[in-house]
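Q: Chains as they are written, first to last, in this note's numbering: chain E, 1 to 362; chain A, 1001 to 1362; chain H, 2001 to 2362.
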Amino acid sequence: MTKRLSELAKLVNGTLVCKDDPVISGAASISRAGDSDVTFATSTASLQQFMDSNAMAVVTSEPLLREAGFTKPAIVAEDPEAAFVVIAETFKPPIRRDARGISERATISPTAELAENVVVYPGAVIMGGVKIASGSVIYSNVTILENCQIGCDTQIFPGVTLYENTFVGDRCTIHAGAVLGAYGFGYKSASGQHQLSAQLGNVLLGDDVEIGANTTIDRGTYDSTTIGDGTKIDNLVMIGHNCQIGRNNLLCSQVGIAGSCTTGDNTVMGGQVGLGDHLDVGSNVSIGAKSGLMQDVPNGKHMFGIPARPARETMQILAHQSKLPAMRKEFRALTTQVEELQESVRGLTVDRIGSLSKKSAA
Amino acid sequence: MTKRLSELAKLVNGTLVCKDDPVISGAASISRAGDSDVTFATSTASLQQFMDSNAMAVVTSEPLLREAGFTKPAIVAEDPEAAFVVIAETFKPPIRRDARGISERATISPTAELAENVVVYPGAVIMGGVKIASGSVIYSNVTILENCQIGCDTQIFPGVTLYENTFVGDRCTIHAGAVLGAYGFGYKSASGQHQLSAQLGNVLLGDDVEIGANTTIDRGTYDSTTIGDGTKIDNLVMIGHNCQIGRNNLLCSQVGIAGSCTTGDNTVMGGQVGLGDHLDVGSNVSIGAKSGLMQDVPNGKHMFGIPARPARETMQILAHQSKLPAMRKEFRALTTQVEELQESVRGLTVDRIGSLSKKSAA
Amino acid sequence: MTKRLSELAKLVNGTLVCKDDPVISGAASISRAGDSDVTFATSTASLQQFMDSNAMAVVTSEPLLREAGFTKPAIVAEDPEAAFVVIAETFKPPIRRDARGISERATISPTAELAENVVVYPGAVIMGGVKIASGSVIYSNVTILENCQIGCDTQIFPGVTLYENTFVGDRCTIHAGAVLGAYGFGYKSASGQHQLSAQLGNVLLGDDVEIGANTTIDRGTYDSTTIGDGTKIDNLVMIGHNCQIGRNNLLCSQVGIAGSCTTGDNTVMGGQVGLGDHLDVGSNVSIGAKSGLMQDVPNGKHMFGIPARPARETMQILAHQSKLPAMRKEFRALTTQVEELQESVRGLTVDRIGSLSKKSAA
Chain E
1 MTKRLSELAK
11 LVNGTLVCKD
21 DPVISGAASI
31 SRAGDSDVTF
41 ATSTASLQQF
51 MDSNAMAVVT
61 SEPLLREAGF
71 TKPAIVAEDP
81 EAAFVVIAET
91 FKPPIRRDAR
101 GISERATISP
111 TAELAENVVV
121 YPGAVIMGGV
131 KIASGSVIYS
141 NVTILENCQI
151 GCDTQIFPGV
161 TLYENTFVGD
171 RCTIHAGAVL
181 GAYGFGYKSA
191 SGQHQLSAQL
201 GNVLLGDDVE
211 IGANTTIDRG
221 TYDSTTIGDG
231 TKIDNLVMIG
241 HNCQIGRNNL
251 LCSQVGIAGS
261 CTTGDNTVMG
271 GQVGLGDHLD
281 VGSNVSIGAK
291 SGLMQDVPNG
301 KHMFGIPARP
311 ARETMQILAH
321 QSKLPAMRKE
331 FRALTTQVEE
341 LQESVRGLTV
351 DRIGSLSKKS
361 AA
Chain A
1001 MTKRLSELAK
1011 LVNGTLVCKD
1021 DPVISGAASI
1031 SRAGDSDVTF
1041 ATSTASLQQF
1051 MDSNAMAVVT
1061 SEPLLREAGF
1071 TKPAIVAEDP
1081 EAAFVVIAET
1091 FKPPIRRDAR
1101 GISERATISP
1111 TAELAENVVV
1121 YPGAVIMGGV
1131 KIASGSVIYS
1141 NVTILENCQI
1151 GCDTQIFPGV
1161 TLYENTFVGD
1171 RCTIHAGAVL
1181 GAYGFGYKSA
1191 SGQHQLSAQL
1201 GNVLLGDDVE
1211 IGANTTIDRG
1221 TYDSTTIGDG
1231 TKIDNLVMIG
1241 HNCQIGRNNL
1251 LCSQVGIAGS
1261 CTTGDNTVMG
1271 GQVGLGDHLD
1281 VGSNVSIGAK
1291 SGLMQDVPNG
1301 KHMFGIPARP
1311 ARETMQILAH
1321 QSKLPAMRKE
1331 FRALTTQVEE
1341 LQESVRGLTV
1351 DRIGSLSKKS
1361 AA
Chain H
2001 MTKRLSELAK
2011 LVNGTLVCKD
2021 DPVISGAASI
2031 SRAGDSDVTF
2041 ATSTASLQQF
2051 MDSNAMAVVT
2061 SEPLLREAGF
2071 TKPAIVAEDP
2081 EAAFVVIAET
2091 FKPPIRRDAR
2101 GISERATISP
2111 TAELAENVVV
2121 YPGAVIMGGV
2131 KIASGSVIYS
2141 NVTILENCQI
2151 GCDTQIFPGV
2161 TLYENTFVGD
2171 RCTIHAGAVL
2181 GAYGFGYKSA
2191 SGQHQLSAQL
2201 GNVLLGDDVE
2211 IGANTTIDRG
2221 TYDSTTIGDG
2231 TKIDNLVMIG
2241 HNCQIGRNNL
2251 LCSQVGIAGS
2261 CTTGDNTVMG
2271 GQVGLGDHLD
2281 VGSNVSIGAK
2291 SGLMQDVPNG
2301 KHMFGIPARP
2311 ARETMQILAH
2321 QSKLPAMRKE
2331 FRALTTQVEE
2341 LQESVRGLTV
2351 DRIGSLSKKS
2361 AA
């Protein structure tokens, strides 16, 4: 498929800026764009990168274009990336899966209640007492155990497992392989044996929550492990039993949160961050990638490091660490200087005593 | 559902301690309990927390109650948490799934041997030569490849994959998405190409083993990767090929153990711990969360840090690290002092030489 | 099954070195071998370990055997481990799964195109527009969404999910539970809400790629997330959106690579390594286990640590860190010495001034 650049400009209500009207065959980011592709630029640097690239044309903003003052073909749009998305979708239209109701190859308990326009793919297994609201899509090979409740317009991708009593809100996305509601890792140890704690709680997701592929969230011991509205969780994250994650958090890949932690709203954790158990983390906190948190964090703090400290402190410590070998050398040099001084002073003292004796002798 | 507190006391052979006999509508941990809920307290601190909470009543022990000397409704029990579990189960009875034999929608090889009361859910696939002993439950969309053997009363939750020849003991629990027996990550590299090593071994779990959701255990190269009786493994853990994990270990979430490691009995690893390959870790060892182990560990040691050292050493190093910026300042101040001393001593020496010359001149 | 050692020697074109011709009942690595097992040794140390073991016989090389000069039964082969693999396979023949075409219990879209000898197991779900080339095997409960393309002789183990438009090359192995093509974790945050970025890209694997169990690779935003030919990825690894991983890389377990990173060829990352986003890593780079990379790395470098630095620097820093407590003590001692010196010099100066005054008085 090809389009004239003018057609694409029209599509996004943008302004065409070019002498001719080139034929465009695709849309790609600058570093991947071929010589008949359109790309986009939202900064002076990326517009310069476009100039040096093979890309045929760019979607950008008026101020950037004016500043650059160049002549390669462009579309000027108010929100260049949003306009580019529309153009890119023209070339790679997202898959529209045919809504097909409930596959005959899905297994649905007679006591499950599914709204009329719920879609269930082959191989999905939905147990007794489950309720699924309208517009939700259950992909293939998903298992939903007893008494789960799923809101409307929620997507559950292939191979997900929801253990019994899991609650999922509206407009959630749960990616492939995620497991919600497995047993919490709590044991009482007696004479070397480990006895599993009670597993009477469940997992509860708010609305607009996104759960990454192969992420696991354990059920609470007696109550719910909860994920607040609007919180987004990346792949391979572990949320322990009894945690209460606030609203609009962003938890990056491979984060691990031990049992009974809480977070406020709008808190962000970088990749591979770990939290010890029973920690309370405030709102608007950010925790740098790979940090290991061992203490509570008040609102608004930026933490980093193993163990996590206020980020500025950790950066100072890291800077000093890198100077340790040099400091050690300096330290040795200083020690030598002090030894030499001691020697000199001893000499002076002896001399003084000598001169004193001479004086007294005199 | 509601219950009188006296009914609940009777249920757990506890003693009712209250003026009236309140109506209870649920059971929850203290921080989540509403004003008609019963909760439990096993420490002075948690009993105080109960007093300050909305909870209607508490299950606690006689000595704690006596010490606190308060008047809110209580049930006195010998093991308060155990009693509370029984009460909580009254309000939230665990799901009893109907044992239904083998689903017609499961696929069982004619050469597989399943004991009479084995339960297999829809979508499970069981290949040739597999043997499953009595009382075991295979949930939906589990795949069990050729010649696996599974003991009695073992639960395998949805979406688990057991590669060929995997052995699972009695009373094991394998949570959703776990993968046992995938290829070990061993390669011989020749002229830039990586050639996979032999994959002739398998995975062998003892009795009473628990495997967390989405955990992976790779098969041995020639022999078995083994997990000892009573060992509990959390979610998203990786156990490399040829490892031999001892009995009653506790491995927390996201632990990664490289190939050919061994552990003794009763060893504990915190979350996100990593072990290099071919390490031997003793019995009763504990390794703090996020540690990176690079050496063998004898019995009974408590290790911590990256790289892991005896925990006390690491704690000292961390304490000193946090003082590095201050130490650097002190070091600079000391350097200045030494320079001043050098200046003074130089002055004194010059003076002495001067006075000596004067003397000699005299 | 038992074999004479002479039969096994013949099988591998090896030379029998023993007085009698013992009966062998199995093959195992040295530490696991029983007294009627054959094992192998490829170093002086392992040959010594064999001598001290229960194992009946060994496969080894001529030079090693000559050097050791012992008399236990042996087979001499040019490549002892390769010969041992052949012998071990005699005792534990790898499973040969019956090629059975397409299971009636698999669900294949009428618009999917599968080559004639493709094998599809029960419970696999293959959506519209998918193309699978000859010799490939799709195990049970795999889901392949729309328009994916899979090369020839590729194995996709149980429970894998390929999102739409995923491309997989020839001779690839994708282990159980892996998820390719889930949404990239990119959000624009406006007034506290997180808006998911475009998800128009896909995942593209080259030829001879191996993907570990429960590993996740996210799709690109507008373009492909790519994995180069011959690259091997271990279990529970996370590759973020837009990454371009080069050829013949080895990425060990639990590595996490944030979005838009690139690597060259033959690069190796140890377990639990983490990379920040938008980093460019060269060819022939190695990054030590548990490192946290925060900067680009040129070709051929060996990086290590959190943050990752050239490995030699990190090793120096670690060595100095472990001396910090001792250094602190020395520092205090030096401070005391300097204070004493200051006292002495003050005394000398006072003395000098005294003697000067005396002189002037004189």
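Ideal Cβ placement from N, Cα and C applies to all residues, glycine included.
Name the DSSP beta bridge partners of N2202 of chain H, please?
A: H:S2224
Q: Would you mind working out which of A:P1110, A:R1105 and A:T1221 sits nearest V1142 of chain A, comparing C-alpha positions?
A: Of the candidates A:P1110, A:R1105 and A:T1221, the residue whose Cα lies closest to the Cα of V1142 of chain A is A:R1105.
Q: At 7 angstroms on the CB atoms, spell out the chain A contacts of L251 of chain E, in chain order.
A: Those do not exist, as L251 of chain E stays about 13 angstroms from chain A at its closest Cβ, beyond 7 angstroms.
Q: What is the C-beta distance between Y2121 of chain H and S2140 of chain H, in whole angstroms, given that I count them as a contact (C-beta under 8 angstroms)?
A: Confirmed, Cβ separation roughly 4 angstroms.
Q: In chain order, what are the residue ranges of uninterrupted beta strand (DSSP E) at least 3 long that sit wholly in the stretch 2236 to 2314 of chain H?
A: Entirely contained in the stretch 2236 to 2314 of chain H, the beta strand (DSSP E) runs reaching 3 residues are, in chain order, 2302 to 2304.
Q: Let me make sure I understand the geometry here. Which of H:R2332, H:Y2222 and H:G2292 has the alpha-carbon closest to that of E81 of chain E?
A: H:Y2222
Q: Which residues of chain E have a Cβ atom closer than 9 angstroms to the Cβ of Y1139 of chain A, listed in chain order?
A: V125, T143, L145 and T161
Q: What did DSSP end up calling I1108 of chain A once you bin it into helix, strand or coil?
A: strand
Q: Indicate the three-state DSSP secondary structure (helix, strand or coil) for F1040 of chain A in the structure shown.
A: strand
Q: Return yes when the Cβ of G181 of chain E is within less than 9 angstroms of the Cβ of D208 of chain E, no when it is not.
A: no
Q: Cα separation between A1068 of chain A and D1052 of chain A?
A: Spanning the two alpha carbons is a distance of roughly 13 angstroms.
Q: Suppose you measure from the CA of A2319 of chain H to the CA of N2284 of chain H; what does that come to, to the nearest Å?
A: Straight across, the Cα-Cα distance linking A2319 of chain H with N2284 of chain H is about 26 angstroms.
Q: Can you look up S189 of chain E in the DSSP assignment and give me helix, strand or coil?
A: DSSP places S189 of chain E in strand when its eight states are reduced to three.
Q: Listing by chain order, which chain E residues have their CB less than 8 angstroms from the CB of P2307 of chain H?
A: L318
Q: Please return the same chain residues whose Cβ sits closer than 8 angstroms to the Cβ of T2042 of chain H, not counting the five positions on each side in sequence.
A: T2060, S2061, L2064, P2080 and E2081
Q: What is the C-beta distance between I257 of chain E and C243 of chain E, in whole angstroms, given that I count them as a contact (C-beta under 8 angstroms)?
A: 6 angstroms
Q: Among A:D1170, A:R1247, A:I1075 and A:T1166, which has the Cα closest to the Cα of V1012 of chain A?
A: Ranking A:D1170, A:R1247, A:I1075 and A:T1166 by Cα distance to V1012 of chain A puts A:I1075 first.
Q: Check the Cβ-Cβ distances between S1224 of chain A and every residue of chain H, and say whether any is below 9 angstroms.
A: By this cut-off, S1224 of chain A is an interface position.
Q: I2132 of chain H and V2118 of chain H: beta carbons closer than 9 angstroms?
A: yes
Q: Should the stretch 199 to 214 of chain E be called in touch with the stretch 169 to 176 of chain E, which here means at least 3 C-beta pairs below 8 angstroms?
A: yes
Q: Around the Cβ of S2034 of chain H, are there at least 16 other Cβ atoms within 10 angstroms (buried) or fewer (exposed)?
A: The amino acid at residue 2034 of chain H is misidentified as Ser; the sequence shows Gly. Exposed: under 16 other Cβ atoms inside 10 Å.
Q: Whose C-beta lies closer than 6 angstroms to the C-beta of M1294 of chain A among residues of the same chain, with five residues either side of it excluded?
A: G1276 and P1307
Q: Kindly indicate if chain A contains any beta-carbon less than 9 angstroms away from that of G2177 of chain H.
A: At a cut-off of 9 angstroms between beta carbons, G2177 of chain H contacts chain A.
Q: Does the Cβ-Cβ distance between G2305 of chain H and E2313 of chain H come in under 9 angstroms?
A: yes
Q: Start and end of the beta strand (DSSP E) containing I2217 of chain H?
A: T2216 to D2218
Q: Does the stretch 1185 to 1197 of chain A come within contact of the stretch 1152 to 1159 of chain A, defined as at least 3 CB pairs closer than 8 angstroms?
A: The answer is no - the stretch 1152 to 1159 of chain A does not touch the stretch 1185 to 1197 of chain A, with fewer than three Cβ pairs under 8 angstroms.
Q: What does T143 of chain E pair with, by DSSP beta-bridge criteria?
A: E:V125 and E:T161
Q: When you compare only the Cα positions, how much space is there between Y1163 of chain A and A1027 of chain A?
A: 42 angstroms
Q: Checking contacts by CB at 9 angstroms: is A362 of chain E closer than that to chain A?
A: Residue confidence is low: A362 of chain E scores 47 on pLDDT, short of 50, so the model does not pin down where it sits. Its coordinate-derived value is still stated next. No, because no Cβ of chain A sits closer than 9 angstroms to the Cβ of A362 of chain E.
Q: If you drop the 5 nearest sequence neighbours on each side, which residues of the same chain put their C-beta closer than 6 angstroms to that of E2146 of chain H?
A: M2127, G2128, G2129 and E2164
Q: Grouping DSSP H, G and I as helix and E and B as strand, with all else coil, what is F2331 of chain H?
A: helix
Q: State the start and end residues of the unbroken beta strand (DSSP E) segment that holds A1088 of chain A.
A: From DSSP, A1088 of chain A is part of no beta strand (DSSP E) but of the alpha helix (DSSP H) over P1080 to F1091.
Q: When the Cα atoms are used, what is the spatial distance from Q1316 of chain A to G220 of chain E?
A: 36 angstroms
Q: Within 10 Å of its beta-carbon, does D2037 of chain H have 16 or more other beta-carbons around it, so buried, or fewer, so exposed?
A: buried
Q: Measuring CA to CA, which of A:S1291, A:R1100, A:M1056 and A:S1224 is closest to S1025 of chain A?
A: The option with the nearest alpha carbon to S1025 of chain A is A:M1056.
Q: How would you label A362 of chain E, buried or exposed, when you count the other beta carbons within 10 angstroms and need 16 or more for buried?
A: Note that A362 of chain E scores 47 on pLDDT, short of 50, meaning its location in the model is unreliable; the coordinates nonetheless yield the value given after this. Exposed, by the Cβ-count rule.
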